[in-house]
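Presented below is the structure to which this report refers.
Numbering (this note's numbering), first residue to last: 106 to 896.
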């Protein structure tokens, strides 16, 4: 636009009036909308709006000003002798321009030969902007042999009248020089560009202007009114280096219909063609960003995902360029215009439930929901358990699915599937360049186990539970908690579940093959019953894409079983685990034929379940195999009595009331375990959060094993190593009998050397020594040794 205001229209008068002898040759007052065209397609909406005013003539023209509605008097126009143009930045919208320069009466004052002369007032009203000019064969121009002439064509100026004009300008961007300027009749639809007008490895800017005048002067020449301008940039570059810049929006899919945005990031690349690229940089309106080389021929710029606000601040709307060093020469490519938020719709994996846990030994289809308007490119990527790309495919037009080949992954391997929709806002061929927006969606899953049979629901449970804690052979007396839990377990084709209960419902969470309700724990039975009343409960499950209901099941009556009591827990604690052991418990009095006893043992140290047995309600014992339990571990044992209130025949079911007794077993027999027993009771010793080697039950920052070696009290936070530096003396304490400490010294935090023990001074349970500050700085470490230091 500034070229129009500052040079183009002045060129009109010079072209038309080259033989005229007038001192003032040309004046203009215009409102303009600017469009930007890419390829042969018509330009979209205006990218800029502007106001221009100016005058040109000979050296006798020494000053100019403009008066417009709301200007509160004449406003000086900058320039030099013979040429004055209002230097005004463009506006983002018509509303902003009209607020600054409203429609109405405008006038120009020009000082010519020392005397002011007024032109106007002119009426600029009606907003009679012409339609956007449309260049119809610029794509052919891109491919043209520039040693030959070329007929440039455009769509007709459809709403032109007798006062309308067409202007064509072409600028050499490298030299900022006008090389074509033509003032044409409003009926013109073409212009022949002479041979050899363009040279290789350059950019040229085309401006095609349709002018609708609202006023005219007989003399001097004038343009007063409304303009529509379409700009186009011609590249004659010969490089085949590929360039790309995208704004990327990432989503995660965590359910069949649930796709949620996670963040935004930039993504730019430079890929070598036949020219060697040694450096690449992206120039943005906010700053310059170097691209990082990746391999021999690829440069990348990306960042971690963050907010849209952070991305847009670093990569705002505006002009972008790539600066490269190709074959040892510095080159600039662009200008590329980047604006808006034209992100494609988020990809959605339409067979998400199936993909959650598929059979890796078979081909697996991945299906997508392609937007109705389409996208420029669709990519699918599969990352294996190590995060390495193991499969990728680009989908062709009209294709919405692809197949992961069998054995691309292995059974029980974690994976990530990523679907990417690319939408180019702008593409160029010289050099190849693409600018646009990306939306991606990823999902996480794990392939099915090798023996997975796809057998649907194998276990379902709906239970109200009261929980007891036992620490010896005596029965627990009072519940420590009340809870509700619901869930289903099965093969990989079990893809979702929910539960409905009196007064509410809940979607169960998990992954294919196992779904469970949130943890609902209460302090009393009354609170439990208020949240989950007695009545009918229904479970809805999705198996192999098909939904079905289980139930309704009746849970009513509050008929909790008797308290389970493990009667030989103390004997188990003292047992030789290389031998089998018969766990025994009290009878399940009042049990019916459908009731159950369940024994579960969980290895807390190894984080795995080692026993889960469903027994007849008449059972009072269960044999633990030899070597099932190992020394120096913590185990959680649960004994459950289930009073069934309902069920169904095709799967094992736990529906009803449950009484559970929990016990913690410690098999530690080491000196460390014996030391712990001097500070904690039997119940605490069975809790790994209290008695584990890495536990810190007193919260002093020193774990149990450290305190064991230092002979501190693990239950007392004041029993810990302390030190003080005062008057050039370091003192540390307590140093307990049989505990060995070594002090190490460094003046650079790199090399550490023991302090000679001969300088130690002993004072009760404390050791002190003088600080060596001869080096100007001194650093000390206190090292706890498991054996005396060697002399």
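Ideal placement from N, C-alpha and C gives every residue a C-beta, glycine not left out.
With DSSP collapsed to three states, give me the class of residue 817.
-> Coil at residue 817, not helix or strand.
In chain order, which alpha helix (DSSP H) runs of at least 4 residues are fully inside the stretch 482 to 509?
-> none
So residue 138 is in the beta strand (DSSP E); what residue range does that whole segment cover?
-> First-last of the beta strand (DSSP E) with residue 138: 129 to 141.
As assigned by DSSP and simplified to three states, the class of residue 191 = DSSP places residue 191 in coil when its eight states are reduced to three.
Between the stretch 254 to 262 and the stretch 167 to 181, are three or more C-beta pairs nearer than 8 Å?
-> no
Return the bridge partner residues of residue 641 from the DSSP annotation.
-> DSSP output for residue 641 lists 659 as bridge partner(s).
Identify whether residue 221 lies in helix, strand or coil by the three-state DSSP scheme.
-> strand
Buried or exposed by the 16-neighbour rule on C-beta atoms within 10 Å, applied to residue 301 | exposed
Classification of residue 865 by the beta-carbon crowding that lies within 10 angstroms, buried from 16 upward | The C-beta of residue 865 has fewer than 16 other C-beta atoms within 10 Å across all chains shown, which makes the residue exposed.
The beta strand (DSSP E) spanning residue 312 covers which residue range?
-> 308 to 320
Stretch-stretch touch, CB-based, cutoff 8 Å, three pairs: the stretch 767 to 775 with the stretch 800 to 818 = no
Just confirm the distance between the C-beta atoms of residue 870 and residue 839, as a whole number of angstroms; I'd bet it's less than 8 Å.
-> With 8 Å as the limit, residue 870 and residue 839 qualify as a contact, their Cβ atoms being about 4 Å apart.
Can you check whether the CB of residue 275 is closer than 9 Å to the CB of residue 306?
-> The beta carbons of residue 306 and residue 275 sit no closer together than 9 Å.
Between which two residues does the beta strand (DSSP E) carrying residue 793 extend?
-> Here residue 793 belongs to no beta strand (DSSP E); instead the alpha helix (DSSP H) covers 793 to 796.
Burial state of residue 690, where buried means 16 or more other Cβ atoms lie within 10 Å = Note on residue 690: 16 or more other CB atoms within 10 angstroms of its CB, so buried under the neighbour-count rule.
Report the three-state DSSP secondary structure of residue 860 (helix, strand or coil).
-> coil
Give the secondary structure of residue 410 by DSSP, where H, G and I count as helix, E and B as strand, and everything else as coil.
-> coil
Beta-carbon contacts of residue 499 that lie in its chain and below 6 Å, excluding the five residues immediately before and after = 484
Determine, using beta carbons only, whether residue 330 and residue 135 come nearer to each other than 9 Å.
-> Result yes, Cβ atoms of residue 330 and residue 135 sit closer than 9 Å.
Cβ-based burial, residue 821 [other Cβ within 10 Å; buried from 16] | exposed
Check whether residue 132 and residue 224 have beta carbons under 9 Å apart | yes
In chain order, what residues of the same chain lie with their CB nearer than 6 Å to the CB of residue 337, ignoring the 5 residues before and after it?
-> Take residue 337, set aside five residues on each side of it, and the residues of its chain with a beta-carbon closer than 6 Å to its own are 142, 240, 243 and 311, in chain order.
Expected contact under 8 Å - CB spacing of residue 277 and residue 284 to nearest Å = 5 Å
What's the C-alpha gap between residue 352 and residue 463?
-> 33 Å
Could you tell me if residue 617 is buried or exposed, where buried requires 16 or more neighbouring beta carbons within 10 angstroms of its beta carbon?
-> buried
Confirm, please, whether the CB-CB distance from residue 889 to residue 811 is below 9 Å.
-> yes
Pick helix, strand or coil for residue 515, following the three-state DSSP scheme.
-> coil
Please name the residue, chosen from 154, 359 and 664, that lies closest to residue 694 on a Cα-to-Cα basis.
-> 664
Can you pull the DSSP bridge partners for residue 444?
-> DSSP lists no partner for residue 444.
Taking the continuous alpha helix (DSSP H) assigned at residue 458, which residues delimit it?
-> 457 to 460
Cα-Cα separation, residue 740 to residue 790 = Approximately 11 Å between the Cα atoms of the pair.
In terms of alpha-carbon separation, which member of 238, 598 and 411 lies closest to residue 619?
-> Minimum Cα distance to residue 619 is reached at 598.
Is there contact between the stretch 441 to 460 and the stretch 391 to 404, where contact requires at least three CB pairs shorter than 8 Å?
-> no
First and last residue of the beta strand (DSSP E) that includes residue 332?
-> Looking at the DSSP string, the run of the beta strand (DSSP E) that includes residue 332 is 326 to 340.
Is the stretch 565 to 582 close to the stretch 378 to 388, with three or more CB pairs under 8 Å?
-> By the Cβ test, the stretch 565 to 582 is not in contact with the stretch 378 to 388, since fewer than three Cβ pairs between them sit closer than 8 Å.
With DSSP as the reference, label residue 755 as helix, strand or coil.
-> Annotation note: pLDDT 40 at residue 755 (below 50); position unreliable, coordinate value reported separately. In the structure shown, the three-state DSSP call for residue 755 is coil.
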